[in-house]
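Its first residue numbered 131, the sequence shown is counted upward by one per residue in the working numbering.
We treat Cβ as the ideally placed atom computed from N, Cα and C, and that holds for glycine.
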Amino acid sequence: MKAASVFKSCVGGLLSLALCGCVQSTGLGERAIVKSIYMDFRAGSYEAVLTVMDWKPSADAGSAENQPQVYLGRGKTVGQALQKAEDQQSKKPFYGQNDLLFLGQGILQTDITPCLSYFAQENAVRPNLMVLAVRQNAAQWMEQKEQMGKIVEQSGLMGVKTQGGQEISTSLYEFFRHEGEKASGWMPIAALHDNGLETVTSLAVIGQGKQTAVLQDEQTALALCLAGKSTELTYNSAVGDNILSFIARGVRVVRQAQMENGTPKLCVLVEGEFQEISMDGKTLYGDKAKQAAAQINRFLEESAKKLSQKTFEQGNDVFAFSWWMAQEDAAAVLRAKEEAELYRADAVNYQFLLSAPKA
């Protein structure tokens, strides 16, 4: 009995190893290691580009090096397009190391829901798959073959970087907030250059499966803070006739729900401290810095209102404001939704209380 029990344990352990990929029936040299997937939708068809790390023997007989290869496939469904791309090479694909899903402009303008749903239901794909938007079409993406190794290395699980150096990412499951609804949320728009991915300066807002807006400059920084993805605000651009530059770190977002005449409302307080403020290249100190801080707070409040016009007021609650309101009165929030009274311009109020730099 004891021997039989030990045998069963060993068999169970081996099966577990096989299922998790630790024991491979196919050798490493016979596997196509997929490191990123690009998807787009054009002329009624899905387009898939697989970035595969092809293991090649190196000069050292005891080692091997991986070289990026790209393969394109088209089909009426996401699965068909991927299969066509897989068929462009002879090795068995392995998706267990893939962290990245890039979406082209065609699919962003159509509906990303079927694509994201496919990968959400595909057991071979990692659950923490990171989703990024890019401006390249499939042909242009294929031309980036030499950069793919750097792109995969720079993004990966940790995400891409903001101007201030903070790493951000948007995982696959963040787009499915309510069962049965189309994908909604936001994703970084990543540009390419000779060294791989640029820092993220813009975000694509997704509502009802489609891109509804593009956030840039201070709205990108604000969105990251409101979404809990960043604790800094970095800005360097023109405001009126001046070039304004500032860095605020340790940014905290405090949400206070309240009822007003039976209507749910939310006050969003943004607190923190400016590390540096400069105007036209000159760093400000003392009273000038305090005056500038007050002006910037007003500027950010107006920017936040414009951000709400592109998101919350369109019924796209990407920052979960209604969830915070529901903590005060869930029944009132549900009633406001049913009566089309929730996503009003006066439902969310912003207050920025960022203090001036310390002397």
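query, result
"Nearest residue (CA-CA) to GLU95, options GLY402, GLU160, VAL369", "There is no way to answer for residue 95, as the model of the chain reaches only from 131 to 489."
"Spatially closest choice to GLY236 from GLY339, ALA215, PHE249, PHE306, by CA coordinates", "GLY339"
"Beta-carbon separation (whole angstroms), CYS397 vs GLN386, contact threshold 8 Å", "4 Å"
"Within 8 Å, strictly: CB atoms of GLY310 and VAL264", "no"
"CA nearest to the CA of ALA173, picked from GLN219, PRO223, ALA475, GLN239", "GLN239"
"The beta strand (DSSP E) enclosing SER367, as first and last residue numbers", "362 to 369"
"Buried or exposed (CB count within 10 angstroms, at least 16 for buried), LEU430", "buried"
"Runs of beta strand (DSSP E) wholly within the stretch 326 to 405 (minimum 3 residues, chain order)", "332 to 337, 340 to 346, 362 to 369, 372 to 390"
"Reduced DSSP category for PRO487 - H, G, I as helix; E, B as strand; rest coil", "coil"
"Given 8 Å, three or more beta-carbon pairs between the stretch 408 to 421 and the stretch 274 to 283", "no"
"Opening and closing residue of the alpha helix (DSSP H) in which VAL463 lies", "451 to 468"
"As assigned by DSSP and simplified to three states, the class of VAL208", "helix"
"Status (buried if at least 16 other CB within 10 Å, exposed otherwise) for GLY337", "buried"
"Start-to-end residues for the alpha helix (DSSP H) that takes in SER299", "Careful: SER299 lies outside any alpha helix (DSSP H) and carries neither H nor E."
"GLY151 burial status per 10 Å Cβ neighbour count (16 or more: buried)", "Note that GLY151 scores 46 on pLDDT, short of 50, meaning its location in the model is unreliable and no value can be drawn from it."
"Opposing strand residues paired with LEU259 [DSSP bridges]", "Answer is none; LEU259 lacks a bridge partner."
"VAL200 versus LEU399: straight-line alpha-carbon distance, rounded", "47 Å"
"Under the three-state DSSP convention, the category ALA477 falls into", "coil"
"Extent of the continuous alpha helix (DSSP H) run through ARG428", "416 to 440"
"CB-CB length for LYS541 against GLY203, believed under 8 Å", "As shown, the chain starts at 131 and ends at 489. That puts residue 541 outside it, with no answer to give."
"Same chain, Cβ closer than 8 Å to MET272, neighbours up to 5 away in sequence not counted", "VAL179, VAL200, LEU202"
"PRO487 burial status per 10 Å Cβ neighbour count (16 or more: buried)", "buried"
"Whether LEU259 touches ASP229 by CB criterion (8 Å)", "yes"
"Bridge-paired residues (DSSP) for PHE482", "VAL400"
"Cβ-based neighbour list, SER408, same chain, cut-off 6 Å, excluding 5 preceding and 5 following", "SER375"
"Candidates LEU231, PHE306, TYR176, of which the one nearest VAL208 by Cα", "TYR176"
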